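Just below is one structure, and these are the notes that go with it.
Number of protein chains: 2
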Amino acid sequence: MYRIIKQDGKAKRGELKTVHGTIQTPVFMNVGTAAAIKGAVSTQDLQTLKTQVQLSNTYHLHVRPGDQVVRQLGGLHKFMVWDKPILTDSGGFQVFSLASLRKIKEEGVYFQSHVDGRKIFMGPEESMRIQSNLASTIAMAFDECPSSKAPKEYVESSVERTTRWLERCKNELNRLNQLEDTINKKQLLFGINQGAIFDEIRIEHAKRIAEMDLDGYAVGGLAVGETHEEMYHILDATVEHLPINKPTYLMGVGTPFNILEAVDRGVDFFDCVYPTRNGRHGHLYTNNGKINLFNQKFELDDRPIEEGCQCPACQAYSRAYIRHLLKAKEMLGMRLCVMHNLYFYNTMMEEIREAIEQGNYKKYKTEKIRRMTQI
Amino acid sequence: MYRIIKQDGKAKRGELKTVHGTIQTPVFMNVGTAAAIKGAVSTQDLQTLKTQVQLSNTYHLHVRPGDQVVRQLGGLHKFMVWDKPILTDSGGFQVFSLASLRKIKEEGVYFQSHVDGRKIFMGPEESMRIQSNLASTIAMAFDECPSSKAPKEYVESSVERTTRWLERCKNELNRLNQLEDTINKKQLLFGINQGAIFDEIRIEHAKRIAEMDLDGYAVGGLAVGETHEEMYHILDATVEHLPINKPTYLMGVGTPFNILEAVDRGVDFFDCVYPTRNGRHGHLYTNNGKINLFNQKFELDDRPIEEGCQCPACQAYSRAYIRHLLKAKEMLGMRLCVMHNLYFYNTMMEEIREAIEQGNYKKYKTEKIRRMTQI
């Protein structure tokens, strides 16, 4: 299902065939936490923004509207009206970052909903059942994401439990995929490498899960407080121990620079809230660096956010107008900024794929970084 | 510039030729207070929602971003990227409803900005200069809108001042339209009839301003607390004293029922925040009555907001999905609801125009009201 079209150094130009279409990698997945892209962007808009994969959050959808509701409505694709691939995370990360009063046991995690305080239990089997109800294209394994500051002993035992959870995830998803009334019987499973910033734990864990013949492998637990150098170091140490003939996914990362560096280390799936969150605050990505539209100097600037950009915002509206919208707290301002930023990310991924195809990746990366840091 | 194509009882099917294109009436003007439709709807979206006229608020734009900024950017049409007609109100209504510490004098009104508390003066000349800077298609005269509860003596003297202000507006706009560097030298001026709920004052004022040969006439000071019956009564008493061969504009009105009744009394321009404000709260107009998408019964409803509706929301998304978006406070929910409501209003205006053309208006109105009140 996954094949490498071209390699350039460690950078992989691949494609993953799924029941919802083929994903060209490296790819940036656009985050739609609660089955919606923040900033009033719809799945129809995603089509014009070059989005290949939409990512939604299992925990959020389980809490609201409920995965049973989504299942009764035909799964996430029908619910959101999106026929291309969808990846759902496992809920694990949100359980650890959003929920309160959590208690981790061998069977799973007990916690309280951040919406209504209701007590919820989620373990590997529950996560797989919820994701099967959501019927995403790719399900993520249920894991614990230990803090980058956690002591080594804790991380060791946590990662061992995550491995046991992964086996349970695999068994449960196999079972679910064979049930008569499962919406997507070809749901894929990606495992997640953990180990905080400890090379040996990361490498040992990568080797263990590599043997499990999963559909893809993620590196989790990064971009949670460690430095960029630590992150690149972990990738240098870990990625080579994950199967090269499977997609490699760096979860929750990151800035354009992070992506450019991680591609160079063999990563081909990414997701991050930066383009949407920054867009909502008027922080815009351009090939000449980030700009903040709240800045006074844009008051009379009738140029688009970025000259030559083909996104819906730049095709019609000026910096001055969008700045006014943001200052007047008009939602339209956020919408236009989010659309620009998503388009910027997706276009950069196109360039990355082309550069790898042409065996040109290092040069492309250096030049891109140079331009983006000039202002 | 304005001609009546057909009359059906008192209902007028007209058209107004402007420098920004011809307006087919009766028309509903879509409210974009601060040069933006609330609910993340852009001027590009308005094209698909059958919008003929966009309405923006002079007071809001004067305060932020400032009419001088809009002028330097080429006027409101260039600023918002909208090439069809724009009507700007005079700022009067907002000065009386939003601003604090106001003081009304013969020369105009002293008040404080609701944004930053800055002291501002606005009189007829200032309002015309601001609207000339905005370069809207139609400028509204600067008036005082007395409360529907104001005593008769106050209303009498207020209306007399409003007449004196109207003369000053006319003179100032004539002067501005002749200046070399005025952006829209063909800016039109509509006068505003006032008089609260006093027939004699309304009629007397209508006769006075009718003599001034303005480009159009509005009935103002309604939908501000009086009953619907009082409003219809005032229209019955007043509209016949305004020139039939000029457009008649009922300001800030209203519900679909109000519009249907007012058209039957000779009104052909409308504006109201209901479709956008109600949309943002999940209250949706349909031909079978209003629905509230927050209602539990829509949780699993996979039908569009209204079957057969051609709006962008109904063409793609289900009640269940939009309900989820609203409950999850995702902006996209508001956007889809606002688009549906604006499309509903604009489509009803199309039907109204067609019914008048066919000499069928009373029957159409009765049937439309019957259907909309059945649930």
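First to last, the sequence lines map onto chains A and B.
Numbering of the first sequence is given in the UniProt record's numbering, commencing with residue 1 and proceeding in unit increments.
Numbering of the second sequence is given in the UniProt record's numbering, commencing with residue 1 and proceeding in unit increments.
All residues carry an ideal CB built from backbone N, CA and C; glycine is no exception.
These figures come from a predicted structure and were not determined experimentally.
In the three-state reduction of the DSSP assignment, leucine 46/B falls in the helix class. Looking at Arg202/B, Asn193/B and Asn171/B, the one whose alpha-carbon comes closest to that of glutamine 187/B is Asn171/B. For a Cβ distance threshold of 9 angstroms, residue set Arg64 and Pro65 of chain B lies close to lysine 327/A, ordered along the chain. In this structure, Thr88/A is the residue among Tyr110/A, Thr88/A, Asn245/A and Asn292/A with its C-alpha nearest to the C-alpha of aspartate 271/A. Less than 7 angstroms separates the beta-carbon of alanine 11/B from that of isoleucine 356/B. By the beta-carbon neighbour count (other beta carbons within 10 angstroms, threshold 16), asparagine 193/B is buried. Between the segment 56 to 66 of chain A and the segment 25 to 45 of chain A there are three or more inter-stretch CB-CB distances shorter than 8 angstroms, so the stretches are counted as touching. Residue burial is scored here from C-beta neighbours: glutamate 144/A has at least 16 other C-beta atoms within 10 angstroms and is therefore classed as buried. Taking C-beta separations shorter than 6 angstroms and ignoring five residues to either side along the sequence, the partners of threonine 18/A in its chain run Pro85 and Thr137, following chain order. Around serine 42/A, the beta-carbon contacts reaching into chain B at under 8 angstroms are Ala316, Tyr317, Leu332, Arg335 and Leu336.
The shortest C-alpha to C-alpha distance from valine 239/A to any of Gly221/A, Asn245/A, Met251/A and Val267/A is the one to Val267/A.
Closest by C-alpha distance to arginine 323/A, out of Leu300/A, Gln310/A, Gly308/A and Asn341/A, is Leu300/A.
With contacts defined by Cβ atoms closer than 7 angstroms, cysteine 337/A and leucine 284/A form a contacting pair. Distance from the CA of asparagine 258/B to the CA of tyrosine 345/B, rounded to the nearest whole angstrom, comes to 12 angstroms. Around the C-beta of glutamate 354/B, fewer than 16 other C-beta atoms lie within 10 Å, and the residue is accordingly described as exposed. Between leucine 332/A and the set Arg168/A, Glu107/A, Ser158/A and Gly282/A, the nearest pair of CA atoms involves Gly282/A.
Per the C-alpha coordinates, the member of Glu106/B, Gly123/B and Arg3/B positioned closest to valine 95/B is Gly123/B. In the DSSP secondary-structure assignment, tyrosine 217/A is bridged to Gly191/A and Thr248/A. Of all residues in the segment 278 to 299 of chain B, the ones placed with a Cβ closer than 8 angstroms to any Cβ belonging to chain A are Glu299, in chain order. Exclusion of the five residues before and after serine 127/B leaves Ser90, Gly91 and Phe142 as the residues of its chain whose Cβ lies within less than 6 angstroms of its Cβ.
No Cβ-Cβ contact shorter than 7 angstroms links isoleucine 104/A with phenylalanine 111/A. The beta-carbon of tyrosine 321/A is placed less than 7 angstroms from the nearest beta-carbon of chain B.
Going by beta carbons, valine 219/A and leucine 134/A fall outside the 7 angstroms limit. A straight line joining the alpha-carbon of glutamate 180/B with that of glycine 75/B spans about 15 angstroms.
In this structure, alanine 150/A and alanine 196/A form a Cβ contact; the two beta carbons are roughly 6 angstroms apart against a cut-off of 8 angstroms. About 5 angstroms separates the Cβ atoms of leucine 49/A and tyrosine 343/A, confirming a contact at the 8 angstroms cut-off. The C-beta distance from lysine 365/A to aspartate 264/A rounds to 6 angstroms, short enough to meet the 8 angstroms contact threshold.
Using a CB distance cut-off of 7 angstroms, glutamine 47/A does not count as an interface residue toward chain B.
DSSP, read as helix, strand or coil, puts isoleucine 183/B in coil. Between valine 159/B and isoleucine 201/B, the C-beta spacing is below 7 angstroms.
The DSSP-derived three-state label of methionine 29/A is strand.
Residue pairing by DSSP places histidine 233/B in no beta bridge whatsoever. For glycine 39/A, the C-beta contacts it makes with chain B under 7 angstroms involve Met331, in order along the chain. In the assembly as shown, serine 148/B is a buried residue. Its beta-carbon has 16 or more other beta-carbons within 10 Å. Judged by their CB atoms, alanine 210/A and proline 243/A are nearer to each other than the 7 angstroms cut-off. Excluding sequence positions up to five before and after glycine 279/B, its CB lies within less than 8 angstroms of the CB of Gly39, Met334, Cys337, Val338, Met339, His340, Asn341 and Leu342, all in the same chain and listed in chain order.
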